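Residue numbers (the numbering used here), protein chains in the order written: chain A, 119 to 505; chain B, 96 to 607.
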């Protein structure tokens with residue numbers, strides 16, 4: 119009691135001067151990778167690449183050169199490949215800010231099981247990671263694209279995804295959840311590397327990649343198909359739909375910005391499941407290439423019904439494609455049946471993969487066109503031509 | 096030792112009937128004091144009297160007008176007979192001065208002279224008349240320089256205790272306001288006044304204050320802190336347990352809130368006990384502005400003061416231990432700014448904080464004409480040049496500047512000291528252990544704060560221990576009509592301060 123203060127100060131001093139207790143790492147001793155990629159080479163070894171920022175070039179103008187560089191390493195396993203790239207780096211790799219991870223198509227087809235195990239073991243890996251499949255190309259090529267809008271190009275793909283109405287930062291988590299969920303199959307977003315208007319290549323958000331239970335890529339959904347799937351899963355915030363209206367001899371485009379979806383399941387005897395999907399939405403007219411005056415309510419109704427009908431068909435086509443072509447449940451049907459018929463689910467969950475392709479699906483799209491804007495008919499038509 | 100005893104015997108001597116003897120005694124006591132004045136006068140041609148005072152302490156002008164003129168010119172004739180006691184004539188007829196005391200002891204006479212009074216001795220009398228003619232030079236009542244308000248009164252305490260007590264007396268015109276005087280300091284003989292509101296202040300606190308001040312044995316008391324260091328509960332803490340203020344309105348408001356004020360002669364700062372941690376966030380202006388704004392400003396103050404304690408530590412902890420906590424773009428800016436800086440972040444922070452404290456200290460001590468030098472040196476050399484030379488990173492300068500501003504925002508300078516000093520250990524902890532270390536240091540700080548108390552009142556009250564009715568003036572500043580209970584009353588017997596139901600615009604308003 120008498121020497122409590124002295125003892126306290128002594129203990130603190132010991133900690134201060136014992137070098138082992140200072141486990142800080144300065145910012146200038148860290149290499150931040152904002153994106154990385156993994157590819158499968160022809161000889162079966164992995165090639166990892168990471169886009170590291172060059173801090174001294176961040177604040178300077180464009181004259182300083184690119185504020186990032188790509189470093190690679192390859193090896194028999196993922197860890198060995200990373201070890202190879204560490205041998206080239208003067209700083210400690212810090213993955214806390216890595217938000218994008220690109221996988222080449224070859225690796226995706228081969229299966230990404232080994233990759234995911236490494237991910238889930240690394241505490242420095244953030245859980246809000248987006249994993250992308252690079253369609254028809256290597257993952258590393260996505261890192262090498264110089265995207266003109268962003269200082270660090272690797273953030274472009276997730277920003278594109280968000281800007282067009284998708285949900286970002288959840289694909290890694292969703293993938294892991296879908297993998298561990300009975301019956302469902304994981305998906306990942308897809309980017310495509312295309313020739314831009316300028317000589318440079320640029321990134322295009324393509325859609326969704328579908329994986330089977332062995333974490334192997336089985337196919338792609340394009341952008342609109344992917345959006346329909348997101349609509350069913352209530353993960354969409356913006357969608358443009360343009361449909362032909364045969365009665366009016368033209369097309370009408372609408373912008374949907376409010377979405378809802380209701381999925382109802384019913385069990386029809388053994389191994390027979392029926393799913394009714396009702397997709398609702400609200401939007402407004404974005405373009406009108408017909409001679410209809412949309413200020414007239416019967417015209418608007420006509421357009422609305424036509425679009426709903428056409429969209430229902432398209433959604434059903436997408437579902438049929440998933441059922442017949444891929445045979446993987448990426449639409450969350452397993453969860454619907456599980457929630458709505460828990461007792462039956464326990465009986466059928468063991469062979470869901472055989473049930474899923476034969477599910478009878480009906481789709482009703484119900485988009486409500488709330489307003490058409492101040493321009494009723496298209497301005498290009500003379501008054502006499504307008505119906 | 097012998098001188099001590101001889102002077103003791105001198106002082107204890109009674110005043111004798113012989114004027115010469117008395118004069119000799121006084122001249123002995125005041126030997127080698129150039130500022131003592133002996134002025135012998137002979138009135139009515141027969142009576143010798145002697146005026147003794149300290150030059151510069153007594154008011155010479157009033158002395159001339161109200162004493163010497165009357166004595167020497169317009170004095171009535173001395174009738175020996177019924178009123179033959181010369182001192183009575185002096186006191187009752189000649190000295191036209193409001194406050195006089197008659198004494199028979201030489202001791203009192205000497206003390207009177209030392210405390211700026213005029214002692215009148217007369218032949219054939221064993222009494223001395225002590226006339227209060229204090230007239231030494233002093234500062235007038237000015238606006239307090241350290242506690243400025245926008246809408247509050249502009250008067251502040253001075254170095255004169257009589258002026259100070261009168262300033263408070265004018266704000267509380269009630270016989271409940273008691274002011275007890277104690278003399279402290281065997282050389283300085285400083286008057287210390289304990290002021291409280293009888294029946295409102297806690298008796299136990301008054302008794303404790305009285306006891307602690309009476310126990311002080313000190314030679315000189317030159318300021319409030321001389322008393323503060325003797326009466327505080329915990330000497331080894333950075334947190335002041337005695338509040339000080341130079342505003343009479345603050346003293347009056349605290350007296351009404353059951354606290355005790357201690358005036359110290361010669362100091363424009365009045366001490367207030369007991370004091371709570373939360374008073375660090377209360378400014379006088381909180382009570383002169385409307386309550387919504389006052390509450391918002393109080394929160395601003397709290398956030399910045401807490402920020403001044405943690406901001407450099409958070410910066411160091413996050414950049415060196417947890418960079419993933421920062422948004423990517425923010426991190427990129429910091430990383431690029433830190434590129435090429437030679438020191439680790441924690442060393443850089445300690446260096447800059449140290450320099451800031453140096454600048455602040457120099458700003459106080461520097462002679463006024465050279466004051467502009469410090470701003471040039473501070474702004475240019477430390478801010479701009481150090482960053483451009485790549486010795487210090489720009490974010491660190493920003494952090495240190497914000498911390499500097501925030502640390503000086505507290506309305507109570509002495510409380511701000513605690514936060515300013517504590518940010519250094521906090522910085523070392525965060526530099527070693529990151530946010531974990533900061534959390535541990537904060538827990539240590541909490542434990543320390545909950546252990547403190549000021550005159551029996553827990554330092555963190557009314558938050559800990561919680562007293563719901565007193566929260567009206569801690570995290571918020573409730574409107575005046577809602578502050579209807581007295582603080583420091585504990586939960587058991589709440590004393591009503593003002594009647595309830597005075598909220599304007601309510602039903603009661605419509606009825607009347």
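Using N, Cα and C, we set each Cβ at its ideal position, and we do this for glycine too. Just so you know, these numbers come straight off a predicted model, no measurement behind them.
Counting Cβ pairs, one atom from each stretch, are 3 or more of them under 8 angstroms apart for the segment 310-330 of chain B and the segment 209-223 of chain B?
-> By the criterion of at least three beta-carbon pairs nearer than 8 angstroms, the segment 310-330 of chain B is not in contact with the segment 209-223 of chain B.
For residue 334/A and chain B, any beta-carbon pair shorter than 9 angstroms?
-> Interface flag for residue 334/A against chain B is unset, since no Cβ pair is found closer than 9 angstroms.
Where residue 586/B falls, given that 16 or more other Cβ within 10 Å makes a residue buried = Residue confidence is low: residue 586/B scores 41 on pLDDT, short of 50, so the model does not pin down where it sits. No coordinate-derived value is stated.
First and last residue of the uninterrupted alpha helix (DSSP H) at residue 39/B | Nothing can be reported for residue 39/B, as the shown portion of chain B is limited to 96 through 607.
What's the call for residue 329/B, buried or exposed, on a 16-neighbour Cβ count within 10 Å?
-> With a threshold of 16 other beta carbon atoms within 10 Å, residue 329/B falls short and is exposed.
Go ahead and pull the three-state DSSP assignment for residue 331/B.
-> If DSSP states are grouped into helix, strand and coil, residue 331/B belongs with coil.
Going by the beta-carbon positions, is the gap between residue 408/B and residue 518/B smaller than 9 angstroms?
-> Yes, Cβ-Cβ distance for residue 408/B and residue 518/B is below 9 angstroms.
Note down, in chain order, every chain A residue with its Cβ under 7 angstroms from the Cβ of residue 408/B.
-> Result: empty, since nearest Cβ-Cβ is about 13 angstroms, beyond 7 angstroms.
Please list the segments of the alpha helix (DSSP H) lying wholly inside the segment 126-212 of chain A, counting only runs of 4 or more residues, in order along the chain.
-> 196-204, all fully within the segment 126-212 of chain A.
Quick one: measure Cβ to Cβ for residue 452/A and residue 302/A, integer angstroms, because I've assumed they're closer than 8 angstroms.
-> Correct: roughly 5 angstroms between the Cβ atoms.
Local conformation of residue 383/B per DSSP, three classes = DSSP places residue 383/B in coil when its eight states are reduced to three.
Residues of the segment 389-419 of chain B with Cβ closer than 7 angstroms to any Cβ of chain A, in chain order = For the segment 389-419 of chain B, which is checked against every Cβ of chain A, the residues closer than 7 angstroms are 414, 415, 416, 418, 419.
Beta carbon of residue 368/B, beta carbon of residue 358/B: below 9 angstroms?
-> No, they are not a contact pair.
Residues of the segment 166-180 of chain A whose Cβ lies closer than 7 angstroms to any Cβ of chain B, in chain order = Hits within the stretch, in order: 171, 173, 174, 176, 177.
Proximal residues, the segment 438-451 of chain B versus chain A, C-beta separation under 8 angstroms = So the close ones are 439, 440, 441.
Reduced DSSP category for residue 409/A - H, G, I as helix; E, B as strand; rest coil | It is coil, neither helix nor strand.
State the beta-bridge partners of residue 128/B as determined by DSSP.
-> Note: residue 128/B is not bridge-paired with any residue in the DSSP secondary-structure output.
Return the bridge partner residues of residue 149/B from the DSSP annotation.
-> Its beta-bridge partners are 131/B.
If contact means a Cβ-Cβ distance below 9 angstroms, which residues of the segment 510-537 of chain B contact chain A?
-> Answer in chain order: 520, 523, 524, 526, 527, 528, 529.
Candidates 223/B, 285/B, 500/B, 512/B: which alpha carbon is nearest residue 111/B's?
-> 223/B is the residue among 223/B, 285/B, 500/B, 512/B whose C-alpha sits nearest the C-alpha of residue 111/B.
Taking 8 angstroms as the threshold, find out whether the segment 306-314 of chain B comes into contact with the segment 226-241 of chain B through three or more Cβ pairs.
-> Segments in contact, no.
Within 7 angstroms of chain A by C-beta, residues of the segment 467-490 of chain B in sequence order | For the segment 467-490 of chain B, there are no residues whose beta carbon sits under 7 angstroms from a beta carbon of chain A.
Exposure of residue 469/A, with buried meaning 16 or more beta-carbon neighbours within 10 Å = Exposed.
Apply the 10 Å Cβ neighbour rule to residue 532/A and answer buried if 16 or more other Cβ atoms are within range, or exposed otherwise.
-> Given that chain A is displayed from residue 119 to residue 505, the structure contains no residue 532/A and the question cannot be resolved.
Separation of residue 374/B from residue 290/B, as counted between CA atoms | Taking the CA atoms as reference points, residue 290/B sits about 20 angstroms from residue 374/B.
Determine the DSSP secondary structure at residue 111/B, reduced to helix, strand or coil.
-> In the structure shown, residue 111/B sits in coil (DSSP, three-state: anything other than H, G, I, E or B).
Between residue 430/B and chain A, is there a C-beta pair that is closer than 9 angstroms?
-> Closer than 9 angstroms: yes.
How would you label residue 460/B, buried or exposed, when you count the other beta carbons within 10 angstroms and need 16 or more for buried?
-> By the 10 Å Cβ count, residue 460/B comes out exposed.
Residues in its own chain within less than 6 angstroms of residue 159/A by CB, not counting five upstream and five downstream?
-> Around residue 159/A: 165.
Would you please verify whether the beta carbon of residue 286/A is less than 9 angstroms from any beta carbon of chain B?
-> Not an interface residue.
Are the CB atoms of residue 396/B and residue 505/B nearer to each other than 9 angstroms?
-> Yes.
Test item: CB-CB of residue 328/A and residue 485/A under 9 angstroms = Cβ atoms of residue 328/A and residue 485/A: not closer than 9 angstroms.
Straight-line gap, residue 223/A to residue 337/A (C-alpha atoms, nearest Å) | Taking the Cα positions, residue 223/A is about 10 angstroms away from residue 337/A.
If you scan the segment 216-270 of chain A from start to end, which runs of the alpha helix (DSSP H) of 4 or more residues do you find wholly inside it?
-> Whole alpha helix (DSSP H) segments, 4+ residues: 223-228, 231-239, 257-262.
Residue 204/A versus residue 554/B - alpha carbon distance = Rounded to whole angstroms, the gap between the alpha carbons of residue 204/A and residue 554/B is 54 angstroms.
At a Cβ threshold of 9 angstroms, is residue 544/B touching chain A?
-> So, not an interface residue.
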